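Participant:
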Amino acid sequence: MMWLTWRQHRRQALFTLIGLVVLAGVMVPTGLAIRRTFADLGLTDCAGQSSQTLDCVRAFNDFNNRYDTLLLTGILFLVLPLLVGLFWGAPLVAREVEQGTHRFVWTQGVSRTRWALVKFGLVGAVTLAAAVGYGLGMAWWLGPLVAGGGRSRFDVLFFDMQGVAPIGYTLFAVALGVFAGTVWPRMLPAMAVTLVGFAAVRVGLTSLARPHYLPAHEHTYPLVSAAGPDEGALPGVWTLADGVRDANGTMVASGARVMCPPDSTGPNGGPCGAEFGDGAYNWTLYQPADRYWLFQGIETGIFVALAVLLLWLAIRRVRQIA
Numbered sequence: 000m001m002w003l004t005w006r007q008h009r010r011q012a013l014f015t016l017i018g019l020v021v022l023a024g025v026m027v028p029t030g031l032a033i034r035r036t037f038a039d040l041g042l043t044d045c046a047g048q049s050s051q052t053l054d055c056v057r058a059f060n061d062f063n064n065r066y067d068t069l070l071l072t073g074i075l076f077l078v079l080p081l082l083v084g085l086f087w088g089a090p091l092v093a094r095e096v097e098q099g100t101h102r103f104v105w106t107q108g109v110s111r112t113r114w115a116l117v118k119f120g121l122v123g124a125v126t127l128a129a130a131v132g133y134g135l136g137m138a139w140w141l142g143p144l145v146a147g148g149g150r151s152r153f154d155v156l157f158f159d160m161q162g163v164a165p166i167g168y169t170l171f172a173v174a175l176g177v178f179a180g181t182v183w184p185r186m187l188p189a190m191a192v193t194l195v196g197f198a199a200v201r202v203g204l205t206s207l208a209r210p211h212y213l214p215a216h217e218h219t220y221p222l223v224s225a226a227g228p229d230e231g232a233l234p235g236v237w238t239l240a241d242g243v244r245d246a247n248g249t250m251v252a253s254g255a256r257v258m259c260p261p262d263s264t265g266p267n268g269g270p271c272g273a274e275f276g277d278g279a280y281n282w283t284l285y286q287p288a289d290r291y292w293l294f295q296g297i298e299t300g301i302f303v304a305l306a307v308l309l310l311w312l313a314i315r316r317v318r319q320i321a
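Numbering (numbering that gives the first Met the number 0), first residue to last: 0 to 321.
(1) From the beta carbon of alanine 179, is the nearest beta carbon of chain B less than 7 Å away?
(2) Are the CB atoms of tyrosine 285 and valine 236 within a distance shorter than 7 Å?
(3) Verify whether the separation of the beta carbon atoms of glycine 272 and valine 257 is less than 7 Å.
(4) Output needed for threonine 169: all residues of its chain with C-beta closer than 6 Å, excluding positions within five of it in sequence on either side, in chain order.
(5) Tell me which residues share the same chain as glutamate 97 and place their Cβ nearer than 7 Å to its Cβ, disregarding the 5 neighbours each side in the sequence.
(6) Can you say whether aspartate 241 is buried or exposed, counting buried as having 16 or more other CB atoms within 10 angstroms of its CB?
(7) On the DSSP bridge list, what partners appear for threonine 238?
(8) Which residues share a DSSP beta bridge with alanine 252?
(9) Looking at the structure shown, is tyrosine 66 part of a helix, part of a strand, or coil, going by DSSP?
(10) Could you give the DSSP three-state label for threonine 15: helix, strand or coil?
(11) Given a threshold of 16 other Cβ atoms within 10 Å of its Cβ, counted over all protein chains shown, does alanine 128 qualify as buried or as exposed?
(12) If I'm right that glycine 176 touches alanine 89 with Cβ under 8 Å, what's the distance once you round it to whole angstroms?
(13) What number of angstroms, rounded off, separates the C-alpha of valine 25 from the C-alpha of proline 214?
(14) Specify the secondary structure class of proline 221 as computed by DSSP and reduced to three states.
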């Protein structure tokens, strides 16, 4: 059974291997060039500073001008887990049933459960290996680009295409495709359900669940301060909400951030910040930067659990296929 499964999917495995080699052929030289430039511009030391000197700001601007376009190209990697689900997961059962080849195997003394376990196990192992290489490789490649732009790794684009999260996304996409193929045993319907279902779950968890994996922290700081913009700086954090609150804690300017030097004048001619009332302050709700890998683990666990559930349901559905 293992040999038969391998022969059926060796072409897909070969294309996947070629794709990974091509991806590595692009990422390794460009990643080395990015890191070399990052070091040559002195940004390794600048990235560790809480406040940036004028030379650091100029170096960061130079770095971003060189590599911002390359970063936009990297966004295309966001769709890789979905593509694996569409072309590995959806056809796994749907194509067999559509072509009727499943009947030949089931009449040769191979039980449906064993057939499903072998096929799902082989495809799952290949998927896991590819996702691990892709996710960790992207984390290495994106490192200087995130630091160079002063961006947070929690940014939805950076979070979703690096680390261990793509492993969960890919396994879920394949499992969803397999399950869809057992319910709608035709290639195109199974692929359509995989596409819509994957997008819905990803968007739903990203926007509704991810901000609440752990209780968020609050940060407050005054409207008037001699410290300047560094007063409220929280490097690398994921800002969920911010604004200005009055002395009673009521939000009076959502999304605003007021930084007034001492003795400065506001837009109404009075002291800067006086329009918000005495005792007003800046407020930020955020997830700390050091929770990044914990959030990656939580989200990966959710998608792996969903993948296991879908595969269990798929095995049950296989037993019911005529």
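In this text, a Cβ means the ideal position worked out from N, Cα and C, and glycines have one as well.
None of the values given here were measured: they were computed from a predicted structure.
Facilitator: By the coordinates alone:
(1) No chain B is part of this structure, which consists of one protein chain only.
(2) yes
(3) Yes.
(4) For threonine 169, the CB contacts under 6 Å within the same chain, skipping 5 residues up- and downstream, are Pro80, Val83, Thr126 and Ala130 in chain order.
(5) Pro184, Arg185 and Met186
(6) buried
(7) Tyr285
(8) Val243
(9) helix
(10) helix
(11) exposed
(12) 4 Å
(13) Spanning the two alpha carbons is a distance of roughly 39 Å.
(14) strand
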